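Note sheet for the following structure.
Number of protein chains: 2
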Amino acid sequence: MNTRANTPAIVLLSGGLDSATVCAMALEKGHRVYALSFNYGQRHGIELIAAAKLAHVMGVEDHMIADLDLAKVTRSALTGQLEVPKHDSIEDMSGDIGDKIPDTYVPARNILFITIAAARAEAVGASDIYLGINALDYSGYPDCRPEFIEAMQHTLNVGTKQGVEGNPFTLHAPLIHMTKAEIIREGTRLGVDYSLTRSCYDPDENGLACGHCDSCLLRKRGFTRAGIPDPTQYA
Amino acid sequence: MNTRANTPAIVLLSGGLDSATVCAMALEKGHRVYALSFNYGQRHGIELIAAAKLAHVMGVEDHMIADLDLAKVTRSALTGQLEVPKHDSIEDMSGDIGDKIPDTYVPARNILFITIAAARAEAVGASDIYLGINALDYSGYPDCRPEFIEAMQHTLNVGTKQGVEGNPFTLHAPLIHMTKAEIIREGTRLGVDYSLTRSCYDPDENGLACGHCDSCLLRKRGFTRAGIPDPTQYA
């Protein structure tokens with residue numbers, strides 16, 4: 049019997065490939081899933097529609113979209129203040145990964161998202177929070193590294209009522225050491241419909257993926273390496 | 049010469065007595081102050097008008113009010129889901145302080161506010177963030193304790209670009225070990241006009257302080273003990 053069965057859990061559901069996979073993993077553990085998405089002024093607002101569809105199709109308990117006015121306080125390619133970098137192929141891009149923090153970095157984004165997830169968790173009585181963070185991200189984004197997850201979990205547990213009153217939060221990042229291909233294989237096994245997910249940082253007006261941003265290139269290669277057909281519609 | 053002179057700093061300015069005092073302290077150090085307030089669905093929204101007036105009168109570089117939809121994700125007396133506790137006198141209230149976390153606790157509020165302050169700091173090139181947290185608060189709220197401040201600072205410095213690229217954030221909580229009376233004396237020395245500040249958790253429709261919530265009671269006693277006339281208008 050699964051000890052997690054029927055306990056509530058928060059899943060950060062962006063509408064992308066990784067978070068959809070994590071959502072399927074939390075559901076497989078038997079959690080009642082409270083999915084949480086953020087409208088933070090992202091260019092790729094279409095991912096919120098994807099998140100809503102995924103939440104419905106996957107059968108979560110609840111899906112909430114929280115509004116965050118990040119574009120007002122900060123600057124990033126993802127919120128429209130900088131350009132989204134584009135490349136002809138993943139080889140052109142690979143110099144970027146790990147070398148420096150990309151322009152698509154959104155200051156303090158994951159700290160903010162995880163914190164709101166914890167506030168939501170306190171409200172619904174959940175102590176498990178699932179995150180779609182993975183290794184390909186943490187090479188570039190400081191807030192995707194295991195070291196960060198650990199610091200964040202500690203902060204939640206000293207800085208919230210639930211944490212200090214003996215029902216501490218656990219941050220789960222089950223994809224953290226998986227490659228994109230491994231994630232896609234695992235999600236496929238769990239029945240995730242990847243045609244509903246959106247990864248592109250800069251989709252066109254019809255919502256079609258650009259095929260050339262870092263996120264599209266990593267996604268394409270993931271499907272190729274997993275040996276699974278890519279259901280994504282590219283512009 | 050002051051080494052902080054002319055460097056930017058973020059000050060979390062709620063419009064209350066404590067944050068106004070901290071703002072004066074940051075200005076005295078010579079910082080260019082970027083004040084930041086939050087519209088998080090608080091009952092006492094009038095504090096935002098107070099914050100705007102204070103920012104103007106005190107001569108800060110910039111004042112931003114960020115919107116946060118906390119009432120949607122969580123529950124607290126301050127966001128209207130629970131009642132604000134009232135007492136006839138501070139003696140009736142003192143049993144509350146330190147014994148348990150009060151209903152006015154807002155889940156993860158300070159983590160969220162400090163995180164957005166860090167995002168704002170990254171945008172304006174600041175590494176100093178000033179907080180009005182003090183001893184009377186940290187007896188009841190987990191996110192007002194020195195242990196929390198330390199954990200939070202570490203999280204920011206492993207989880208943000210600015211932190212990992214060698215320009216780490218410092219969280220300043222200069223009031224943390226001061227009594228309310230000491231804070232009022234220090235602010236008075238620095239010329240803070242406390243008649244512009246608002247502390248009440250549950251003001252009436254004309255914006256007058258209730259005089260009976262924890263915040264009003266602590267404020268009243270602070271002025272009495274400081275031997276300084278209380279300029280607050282009570283209902």
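Chains as they are written, first to last, in this note's numbering: chain W, 49 to 283; chain X, 49 to 283. Glycine residues also receive a C-beta, built at the ideal position from the N, C-alpha and C atoms. Every value quoted in this text rests on a predicted model; they were computed, and no experiment measured them.
Distance cutoff 8 Å, beta carbons only. Does M200 of chain W sit that close to anything in chain X?
yes
When you compare the CB of F196 of chain W with every CB in chain X, is at least one pair closer than 8 Å?
yes
At least 3 beta-carbon pairs within less than 8 Å: the stretch 162 to 173 of chain X vs the stretch 200 to 208 of chain X
Between the stretch 162 to 173 of chain X and the stretch 200 to 208 of chain X, the count of C-beta pairs closer than 8 Å reaches three or more; the two stretches touch.
Less than 8 Å between CB atoms is the rule here; does G89 of chain X satisfy it with respect to chain W?
no
What in chain W is Cβ-close to P190 of chain X, meaning under 8 Å?
V206, G207, T208, K209, G211, V212
Whether or not the stretch 273 to 282 of chain W and the stretch 51 to 63 of chain X are in contact is what I'm after, with contact meaning three or more pairs of Cβ atoms, one per stretch, closer than 8 Å; do they touch?
Too few Cβ pairs lie closer than 8 Å, so no.
Would you say P155 of chain W faces chain X, with C-beta separation under 8 Å as the test?
yes
Nearest to H79 of chain W by CA position, among W:M106, W:A99, W:Y88, W:S85, is which residue?
W:M106
Y82 of chain W beta carbon less than 8 Å from that of A57 of chain W
Yes.
Pick from X:H220, X:V154, X:V172, X:N215 that is closest to G180 of chain X, judged by C-alpha positions
X:H220
With contact counted as at least three CB pairs below 8 Å, one residue from each stretch, are the stretch 236 to 252 of chain X and the stretch 193 to 204 of chain X in contact?
The answer is no - the stretch 193 to 204 of chain X does not touch the stretch 236 to 252 of chain X, with fewer than three Cβ pairs under 8 Å.
What first and last residue would you give for the alpha helix (DSSP H) that runs through F161 of chain W?
Note, F161 of chain W: alpha helix (DSSP H), 157 to 172.
In or out: G146 of chain X buried (at least 16 other Cβ within 10 Å) or exposed?
For G146 of chain X, the pLDDT reaches just 47, beneath the cut-off of 50, and the residue's location in the model is therefore unreliable, leaving the point undetermined.
Select from W:P155, W:A103, W:S263 the residue whose C-alpha is nearest the C-alpha of V212 of chain X.
W:P155
Is the beta carbon of S85 of chain X less than 8 Å from the beta carbon of A99 of chain X?
yes
By the 10 Å Cβ neighbour count, where 16 or more other Cβ atoms means buried, how is G143 of chain W classified, buried or exposed?
Unreliable positioning characterises G143 of chain W in this predicted model, as indicated by a pLDDT of 44, which lies under 50. The coordinate reading is nonetheless provided below. Exposed.
Starting from L116 of chain W, find everything on chain X with Cβ-Cβ shorter than 9 Å and list it in chain order.
Those within 9 Å of L116 of chain W in chain X are A114, D115, L116, D117, I164.
8 Å Cβ cutoff, I58 of chain X in contact with chain W
no
List the residues of chain W that T203 of chain X touches, going by C-beta distances under 8 Å, in chain order.
I159, F196, A199, M200, H202, T203
Compute the distance between the beta-carbons of A283 of chain X and C261 of chain X, then report whether it is under 8 Å.
no
Does DSSP classify I97 of chain X as helix, strand or coil?
helix
Measuring alpha carbon to alpha carbon, tell me which of X:N254, X:E253, X:S243 ends up nearest R267 of chain X.
X:S243
Give me whichever residues DSSP pairs with C261 of chain W in a beta bridge.
In the DSSP output, where bridge partners are listed per residue, C261 of chain W has none listed.
Under DSSP, the beta strand (DSSP E) around L84 of chain W begins and ends at which residues?
80 to 87
Closer than 9 Å, Cβ to any Cβ of chain X: which residues of the stretch 167 to 182 of chain W, in chain order?
A167, R168, A169, E170, A171
How many angstroms separate the CA atom of V108 of chain X from the CA atom of D66 of chain X?
It is roughly 16 Å from the alpha-carbon of V108 of chain X to the alpha-carbon of D66 of chain X.
Could you check the C-alpha separation between A103 of chain W and L96 of chain W for me, to the nearest Å?
10 Å
Minimum Cβ-Cβ distance from V206 of chain X to chain C less than 8 Å
In the displayed structure, chain C is absent; the protein chains listed are W and X.
For L219 of chain X, name the three-state secondary structure that DSSP assigns.
strand
Just the Cα atoms here: how many angstroms apart are T227 of chain X and Y178 of chain X?
Taking the Cα positions, T227 of chain X is about 18 Å away from Y178 of chain X.
Just mark H202 of chain W as buried or exposed, buried being the case when its beta carbon has 16 or more other beta carbons within 10 Å.
buried
When we look at the beta-carbon of E253 of chain W and count the other beta-carbons within 10 Å, is it buried (16 or more) or exposed?
exposed
Distance between M112 of chain W and Y249 of chain W (C-alpha atoms, nearest Å):
22 Å
Just mark N182 of chain W as buried or exposed, buried being the case when its beta carbon has 16 or more other beta carbons within 10 Å.
buried
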